[in-house]
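Asker: My questions will all concern the structure given below.
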Amino acid sequence: MTAPDLTWTPILPPADDFDEPALSLIARYVATANRVTQHFWGDNRADSTVEEIVASQRHTEDEIGVRWLVSEAGHDVGRIIAAINREEGASVAYVSAWVVPEARGRGIGRALAERAEHEAMQLGPTSLQAWADHRVPVGGETSIAPKSGHGAIAEDAPARLLASMGYELEQIERVSELDVEAARASLETHRADALTHAGDAYEVRSWQGATPPELLDSMAALHARMATDIPRAGLEVDDERWDAARLQRLEGEWEGAHQTPLQAIALHRGSGEAVAFTILLLPEPGRPAFQEDTLVHAEHRGHRLGMLVKAENLLQLGRLHPDRTRIITWNAEENRPMLRVNEALGFVAIGAEGGWQKRVGAAEPG
Ligand SMILES: CC(C)(COP(=O)(O)OP(=O)(O)OC[C@H]1O[C@@H](n2cnc3c(N)ncnc32)[C@H](O)[C@@H]1OP(=O)(O)O)[C@@H](O)C(=O)NCCC(=O)NCCS
């Protein structure tokens with residue numbers, strides 16, 4: 001196979017809202033990425049938008065992300081990303097390489113993945129990680145089990161490519177979908193049961209948009225725990241330092257991306273602290289909502305607070321956005337407590353995402 005002759009164009013943030021050359025390049029980048037996701041999912045559920053990319057590019061305090069659009073003979077054929085947290089000592093860099101369906105099978109994917117890896121290495125990681133959508137194995141198809149021991153994926157093109165580059169499949173996340181209409185009938189019961197179980201020590205609150213000022217500190221503390229308190233199998237994880245300002249930057253990025261957050265929390269009455277939270281993120285109308293982070297503080301588990309905040313937030317969704325009929329979420333296959341809540345609410349599995357890792361050497365001893 002002759003090496004593909006590719007043109008690499010960096011995607012830079014627009015100087016302002018009138019920077020037409022930068023914005024039209026981002027529009028090409030988005031169109032290329034969406035050809036990949038629409039081919040995989042068969043609809044627009046995993047699309048991205050120009051606003052989302054620009055908002056992410058402008059949110060540079062907490063993450064460095066570099067992107068390239070790749071073309072061949074004047075046609076856009078793919079895109080790559082390399083990213084790392086800005087935390088001091090961050091060790092995990094993320095790589096992603098996507099090729100449009102019509103250009104596959106000619107060596108472009110490998111060239112993109114190698115370039116993404118090369119760019120990621122400039123960011124100084126000790127662990128390279130890639131998250132890829134995979135087919136769920138059907139019938140007697142060859143499947144791959146992750147090192148976590150939970151779930152399986154088909155040995156498809158991304159799996160073969162990543163394995164051939166030395167990545168190991170550490171973990172599988174189940175992708176699930178909720179039919180909101182069907183779930184609605186039991187939400188009040190789920191909320192009431194959970195509240196009875198939780199008892200007087202907790203109360204539930206919910207809102208749309210930015211976190212109220214009095215809750216910023218305890219919500220930031222909960223966000224920090226998302227890095228350490230959820231199952232990550234053998235994937236290396238960077239600690240994240242969160243404060244009110246970082247949470248406000250994240251909420252600012254959502255606003256810039258035209259994504260509306262719906263949040264629900266459990267408040268511990270004794271301390272006045274938020275001890276459980278969940279977030280639904282609504283992109284533009286016509287797309288599903290995304291069930292983003294959910295976390296119950298380790299010291300407050302076992303009181304059905306996970307179900308409480310999720311049922312509360314779904315009721316809020318019904319009140320404020322009755323037109324949203326689908327929700328998509330991702331959960332580690334080994335995360336039984338979270339899957340149990342989601343299954344009880346009516347989420348059903350629709351796919352699998354693989355968490356791949358390649359260790360690239362330890363940092364020099366100081
Ligand atoms: C994975 C992907 C990048 C491959 O792109 P591509 O241009 O077809 O890749 P290449 O032609 O360079 O092939 C690279 C390797 O992919 C695997 N591969 C490609 N096509 C395959 C197929 N039809 N069946 C099984 N494996 C296949 C092989 O291991 C191949 O190596 P080989 O040619 O030495 O056997 C592409 O399918 C894609 O964009 N998928 C969606 C996004 C994604 O999952 N990206 C990877 C994770 S970051």
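Residue numbers for the sequence shown, in full-length UniProt numbering: 1 to 366.
For every residue, glycine included, the Cβ atom is placed at its ideal position computed from N, Cα and C.
#1: If we ignore side chains and look at the alpha-carbon of each, how far apart do A332 and S271 end up?
#2: So K358 is in the beta strand (DSSP E); what residue range does that whole segment cover?
#3: State the DSSP-derived secondary structure class of G199, mapped to helix, strand or coil.
#4: In three-state terms, what does DSSP make of I11?
#5: Which same chain residues, not among the five before or five after L247, have their C-beta less than 8 Å away from its C-beta?
#6: Taking 7 Å as the cut-off, does the CB of I144 come closer than this to any heavy atom belonging to ligand 1?
#7: Is G272 helix, strand or coil when you go by DSSP?
#8: Can you grab the Cα-Cα spacing for the pair T2 / E255, in whole Å?
#9: Kindly give me the distance between the Cβ atoms of D62 and R249, rounded to whole angstroms, as I take these residues to be in contact under 8 Å.
#10: Give me, in chain order, the residues of the same chain whose beta-carbon lies closer than 6 Å to that of G151; leave out the 5 immediate sequence neighbours on both sides.
#11: Check whether the Cβ of V136 sits closer than 7 Å to any heavy atom of ligand 1, and report yes or no.
#12: Just the residues with CB closer than 7 Å to a heavy atom of ligand 1, in chain order, which are they?
#13: Report back the beta-carbon spacing between A266 and Y167 to the nearest angstrom; my notes put them in contact at under 8 Å.
#14: When DSSP labels each residue in this structure, what does R317 get in the three-state scheme?
#15: Taking C-alpha atoms, which residue in R135, W131, A97 lies nearest to H118?
#16: Check whether the segment 181–190 touches the segment 341–353, taking contact to mean three or more Cβ pairs, one atom from each stretch, closer than 8 Å.
#17: Residue ranges of each alpha helix (DSSP H) run of no fewer than 4 residues wholly in the segment 277–304, ordered along the chain?
#18: Quick one: give me the first and last residue of the beta strand (DSSP E) that E170 is part of.
#19: Please report the residue range of the alpha helix (DSSP H) in which R249 lies.
#20: Rounded to the nearest angstrom, what separates S164 and L235 at their Cα positions?
#21: Do L69 and T32 have their beta-carbon atoms positioned less than 8 Å apart in this structure?
#22: Report buried or exposed for A159, applying the criterion of at least 16 other Cβ atoms within 10 angstroms of its Cβ.
#23: Starting from the C-beta of R35, find all residues in its chain whose C-beta is less than 6 Å away, skip the five residues before and the five after it, and write them out in chain order.
#24: Measuring only the C-alpha atoms, how far is V180 from V360?
#25: Let's test the definition: count the other Cβ atoms within 10 Å of the Cβ of A298 and tell me whether it reaches 16, buried, or not, exposed.
#26: Who does I64 pair with in a DSSP beta bridge?
Answerer: Result, derived from the coordinates:
#1: Using only the alpha carbons, I get a separation of about 31 Å.
#2: The continuous beta strand (DSSP E) containing K358 extends over residues 348–359.
#3: Correct three-state label for G199: coil.
#4: coil
#5: Hits under 8 Å: T211, L216, M219, A220, H223.
#6: no
#7: Note: G272 maps to coil in three-state DSSP.
#8: 45 Å
#9: About 6 Å separates the two Cβ atoms, so the contact holds.
#10: I172, E333
#11: No - ligand 1 has no heavy atom lying nearer than 7 Å to the Cβ of V136.
#12: V36, F40, G78, V95, S96, A97, W98, V99, A103, R104, G105, R106, G107, I108, G109, R110, A111, L112, A113, A130, A132, D133, D156, A157, P158, R160, L161, L162, S164
#13: Between Y167 and A266 the Cβ distance is about 38 Å, and since that is not below 8 Å, they are no contact.
#14: The amino acid at residue 317 is misidentified as Arg; the sequence shows Leu. Helix, per DSSP.
#15: A97
#16: yes
#17: none
#18: 168–179
#19: 244–256
#20: 19 Å
#21: yes
#22: buried
#23: V100
#24: 43 Å
#25: exposed
#26: I84
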